[in-house]
């Protein structure tokens, strides 16, 4: 029986009996702050179930004491970064937070492992805030909070680790300052405050700024230093200091720049050193050497002083520069200099030695001054420097008493050549001096014979006088002979004057000649150079030369005019370049270049030269144009002039006699011959070399002497001769022309090397319009005359530019009668060459195909995408070839993909490998398809072999008795398919060793095999691992049975039994040659494993053999394959 009880708790003071009820109904009470200093009384009143109260009991506690202070809810407030201020807050019970103390530590661990593992960062302080120092970076901050009562009692300290480690700040500057006075020579010092980890090698640079806003120029010598002494270059500019903080790990912070508020002021001007440079010798120039400091120097003040031996000093009034030249008046005296430094802004400096000396700084005295060496102080020309003028000079001497001085005149050309002219007291300038400079070298000499240094002076370039013509004459003028006028010039060096040649039919004089440049009628300009070569158009006209004399500086003088005394004479008539050219096929033109006045009438003829060298006149060919016929083939043609008839020769002789113009001398006739007017030469005797000789020099027979050969000697020429007025003599000459004769040319003309030909071959005699006779000429023989060259109008192809097709090149010839006849009579052979392009584009290169030299070409697979080109060259019976004709195809296209000569290679047993082979054509082969199938002998059905699509097939026992069929579908790389082609093998036989064993077992009719059964057929399981059990396979003529062998605890059990009736079949696994599956029906099947492929094949063949032999089961049903 459980009773109820009542409990009460009260409190009161020890000295008082009054208690205050503070809790009822519970046996537990939690002391509070108000209970401190009181007694606690616990009263227990028992009460039964009926509610009756029993006698109460009580117990009184000791006086409640105050508990030690305690910390709760401790927190660290603030960002944990270097230099930041963090604060700790807490809830303190039993004490006052303001009296509590806080100490800060750092630790490398985020977990508190005791105060011994902490490193103090501060001492215990009442302050709750703390600035994180650099040493705490990378560590955790630990706050130790010790609660305290107002009377100093401490409670249990509490620790708090920061949530993360203290992060470092990026390197930066918290202040930057520069101290010092911005005055030249003063030192500026920079200082800064760095935060952001441990400082590395921070970068310092000083800059100069023309204005505050410009980027400034770096001061290289102050880079890397915190101090900079202001130099002169900084005057008037602003100075800035740039500091880039760098942490010890190489991280750069943001740079800060501090620019001075005022421009740099210059320092007070002063001299650091002062001295005189030079020797105290008469004529020497003394220079002041000083070192100035204090901004930009202005015009410092110099004062020069002379002092005698007793110390009396006098200032040189006229000397106020930084140098002074000693004169003869200074000899024997001491000299000194004083300098007062002056800045550019006129500020004057103080003495650098002492303030007592004053602003003027005296220099050190030197001396006394001694006489100097003989010297020419000045040297100058007197007179006008011009061609034709007289030049003198003036010289100033110093260096004691003058002696006998010397001087020399030189001419200095512009190319540096120096030529001595004289040593007279004057120089007359001539035309040779024009354009050059005159140099005078003066050597001073003292009376005692001491020579001084030579002094020289060079004049300006001597100018010329006015250009003037002194003489102008035109000599004898003849056609094509260059005329050199005789002229004389004065007035400096002659330049490129103006020359104008005129021609006129009438000889001008007086004012007409002077004003020839203004005349227009019957006066024509024909040249504008110094010389002039008269042409054919000038023959018979007078030549006039208008000359404006001009100096090299283009200064012009008065023009001068001259006229030739006689008209221009024609040149001696000659003909050159007698030639034959082919105008068109079979048509030739003969011609030559006539020279020597105006040409008269000329006759022409053509000759035929055979292979044997015989030259035959072509009858009726008397014009400059000749058309060949069949008789000219294999011969050469010559062009010349036929000899006139007898009557024409006589008339020619008489006309030449009546003309009575002097003739050039004839070869073999002395010039002093007289009493006979000789015009023609006798022909050579018949004993001259034969017609076929072409090496000896021809000559003329001597003739009687004659007079009248007044012309100067000319080239040797052959003439026809006749006694004056003697017709019979001319007849005899004509009669002699039927015999061979030779002509001596004496030149390298076209006849050189020909010694004996028929007379008709040499008849090109140039005759001038005034009947003057020139030299004879004959053309060179042409090349061998041949018929028109075989021509191909176009080369074309028959066939298509497709892989496997045959291209044939066909020539298209002209329908003209000539070409048809030439092709039928003179064609010999046609040569072909095929080419293949090696690149794409308009200018694609071609490479020859060495073996392809027939008219036909079969396009190959490697030609696809390339262009084919065929070149045809036709050769005639004369050995000439036509120009190559070319035909080009478009890029070769691939043919329809196909496979030829497809066959299967293999030994024919069920354990062999079989490979398919064939020749592919039709472009680049792509992913052609291959499918392997089986075919029963005598049956058209094909049985697909799943998964066999490769070019190589490994046979197995399933193939026994079948033919292997491979179907090859050619596919081009662009996906185009060709017609499938198949190939097959003979029926696959059983490998002999297996066959022998199978026959033995079939003869028995009943056999047993040991195998392993795979009970776990999960696809993830590794075959043969942990789930294989031994089985007995019994096979006889009626059925197949799989037994599980018995053991000590069990009897043998039949797992599967079945006959050979469909759907019974045996399955093989291509990926495992040791496994087979016997399937009785859809619900009864077993997987077996044997040790070797040989055994597996024996088992399968025995089962199939018994099924077929005794049960007439078809092989297809035993294989379970679809047709």
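In the UniProt record's numbering, the protein residues as written are 1 to 1123. Using N, Cα and C, we set each Cβ at its ideal position, and we do this for glycine too.
If you draw a straight line from the Cα of residue 862 to the Cα of residue 791, it is about 34 Å long. Residue 204 sits away from residue 169, with the two beta carbons spaced by 8 Å or more. The alpha-carbon separation between residue 185 and residue 212 amounts to approximately 21 Å. The DSSP-derived three-state label of residue 826 is helix. Nearest to residue 633 by alpha-carbon distance, out of 527, 89, 611, is 611. Nearest Cα to residue 231 within the set 266, 253, 242: 266. In the three-state reduction of the DSSP assignment, residue 620 falls in the coil class. For residue 395, same chain residues with a beta-carbon under 6 Å away, outside a window of 5 residues either side, are 376, 379, 442 in chain order.
Contact between the segment 881-898 and the segment 766-776 is absent: fewer than three C-beta pairs spanning the two stretches fall below 8 Å. Two segments are said to touch when three or more pairs of C-beta atoms, one from each, lie closer than 8 Å; by this definition the segment 956-963 touches the segment 987-997. DSSP, read as helix, strand or coil, puts residue 34 in helix.
Going by C-alpha positions, residue 408 is about 26 Å away from residue 284. Bridge pairing for residue 943: 934 [DSSP]. Around residue 1087, the same chain offers 1013, 1014, 1017, 1075, 1076, 1077 as residues with beta carbons nearer than 8 Å, after the five sequence neighbours per side are excluded. Residue 171 sits close to residue 253, with the two beta carbons spaced by under 8 Å. By the CB criterion at 8 Å, residue 616 and residue 546 fall outside the cutoff.
Looking at 880, 956, 460, 901, the one whose alpha-carbon comes closest to that of residue 914 is 956.
One alpha carbon belongs to residue 138, the other to residue 158, and they sit about 23 Å apart.
Of the residues 1093, 197, 1053, the one whose Cα lies closest to the Cα of residue 1068 is 1093. In this chain, the beta strand (DSSP E) harbouring residue 259 covers 256-259.
Residue pairing from DSSP places residue 393 in a beta bridge opposite 381. The Cβ neighbour count for residue 1072, taken over all protein chains shown within 10 Å, is under 16; the residue is labelled exposed. Residue 793 and residue 811 have their C-alpha atoms some 8 Å from each other.
Taking a cut-off of 8 Å for Cβ pairs, the segment 814-828 and the segment 899-913 do not touch, as fewer than three such pairs fall below it. Under the DSSP definition of a beta bridge, residue 187 partners with 229. By the neighbour-count criterion, in which a residue is buried when 16 or more other Cβ atoms sit within 10 angstroms of its Cβ, residue 1059 is exposed. In the structure shown, residue 129 adopts extended strand secondary structure according to DSSP, grouped into three states. Per the coordinates, the alpha-carbon of residue 999 lies some 38 Å from the alpha-carbon of residue 901. For residue 1034 and residue 1040, the gap between their C-alpha atoms comes out near 6 Å. Judged by their CB atoms, residue 929 and residue 971 are nearer to each other than the 8 Å cut-off. In this structure, residue 39 and residue 60 form a Cβ contact; the two beta carbons are roughly 6 Å apart against a cut-off of 8 Å. Residues 787, 790, 876, 877, 878 of the same chain have their beta carbon placed closer than 8 Å to that of residue 826, with the five preceding and five following residues left out of the count. Under DSSP, the beta-bridge partners assigned to residue 428 are 390. Straight across, the Cα-Cα distance linking residue 176 with residue 242 is about 9 Å. Note on geometry: alpha-carbon atoms of residue 975 and residue 809 lie some 33 Å from one another. One Cα belongs to residue 552, the other to residue 493, and the distance between them is close to 6 Å.
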